[in-house]
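Written out below as structure tokens is the structure these notes cover.
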């Protein structure tokens, strides 16, 4: 998508603006970070700053942490971050004599995934040298998800980039000057680091694809999601509250026009700012509507999401289904301890006597019946077991979904 095309449409009229917003809806948070950085570098009337710190996790009222769908389907018991990392320690630290240092570092692991201890503190606890403590910390930084055991934002991002073979000298220079990125002074950032201005947007996009708090999403390892676009919490008596995540979220401002700024620059800057604001507003409304529809699942009162179609979300908002589809494909929501993609909450319904259920729920129930000690082995026996649960489906349907799980 060309930026000039977007801004031209924004200035052309209401219908063109609607088309431009629709196209922006398909862009992920990474894409938006790239687009706004490019626009700011090319337009002297536009200034964009990037938040470097995530908001504190929401305080959830009377509800369990947001479920992760594959764990829910498998019936897996949640494990703590410490349990998750403790299982990896013997694989990361092979020298048994260094294990006390590893467990000392583990005691300092915070819910964010960062570590709140210094090497000299860990060394003193274990009567070891500071060099040995640093060495063990370096080994532990190989834990999954990438970014654990960092002592700063810069180190956390560097660990994740190194694991992806992305910690180039250019990217290291950007990490060394993160305050300039937060201030939105991209030209000064380019001058200070020696990074060509045209390369900055792509580098910023790569950073937005990382997670500054990998410990909050450890259950997703090894497929790590980016930092959530929205943080969700249940407010007593008021339903679901969603607030935008802050990690590298761009803030667009119309800069004080320099002498060289033309009226056209100001119009383009204002047009892009309006487009991004309208995009964000519709995305927020979509996320709130979807969360409300799946409230019982998010609250833990249901084991599986309800069937939900694009129309179920689009109709109350008065928007087209394709708009919701564009948003669904990239939006990530989290509650400070888990994160899921919005698209995982959408699924068609299979009619049963007890009400419609999703194909994933039916598959999971069939798998549970077949795996029981006295599990039913024939399609008809499984169908009868489902019938006792109030789920009426044909034997052919049972065979179809049973075949999916082997």
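Residue numbers (the working numbering): 35 to 440. The beta carbon of each residue, even a glycine, is placed where N, CA and C say it ideally should be. Note that the structure is predicted; figures quoted are calculated from it, not measured.
- Between residue 166 and residue 135, the C-beta spacing is below 8 angstroms.
- Using a C-beta cut-off of 8 angstroms, the stretch 186-206 makes no contact with the stretch 154-172, since fewer than three inter-stretch Cβ pairs fall below that distance.
- In the DSSP assignment, residue 381 forms a beta bridge with 342.
- If you check the CB distance, residue 393 and residue 435 come in under 8 angstroms.
- Counting only residues of its own chain and dropping the five nearest sequence neighbours on each side, residue 391 has a CB closer than 6 angstroms to the CB of 384.
- Around the beta carbon of residue 269, a 10 Å sphere encloses fewer than 16 other beta carbons of the protein chains shown; the residue is thus reported as exposed.
- For residue 198, there is no enclosing alpha helix (DSSP H), as DSSP gives it neither H nor E.
- A residue is called buried when at least 16 other Cβ atoms come within 10 angstroms of its Cβ; residue 233 does not meet this threshold and is exposed.
- Comparing alpha carbon positions, the residue from 386, 127, 283, 68 closest to residue 421 is 386.
- With contacts defined as CB atoms closer than 8 angstroms, residue 181 and residue 245 qualify as a contacting pair.
- Straight across, the Cα-Cα distance linking residue 355 with residue 242 is about 28 angstroms.
- Cβ neighbours of residue 423 within its own chain (closer than 8 angstroms, five residues either side excluded): 388, 399.
- Linking residue 156 to residue 264 through their CA atoms gives a straight-line distance of about 36 angstroms.
- Cβ-Cβ separation between residue 325 and residue 332: approximately 6 angstroms, consistent with a contact (criterion under 8 angstroms).
- Assignment of residue 84 by DSSP, reduced to helix, strand and coil, places it in the strand class.
- Pairing residue 249 with residue 115 gives a Cβ-Cβ distance under 8 angstroms.
- Comparing alpha carbon positions, the residue from 335, 144, 274 closest to residue 323 is 274.
- If you check the CB distance, residue 222 and residue 83 do not come in under 8 angstroms.
- Between residue 405 and residue 397, the alpha-carbon positions lie close to 12 angstroms from each other.
- Comparing alpha carbon positions, the residue from 63, 64, 77 closest to residue 302 is 77.
- For residue 368, the three-state secondary structure derived from DSSP is strand.
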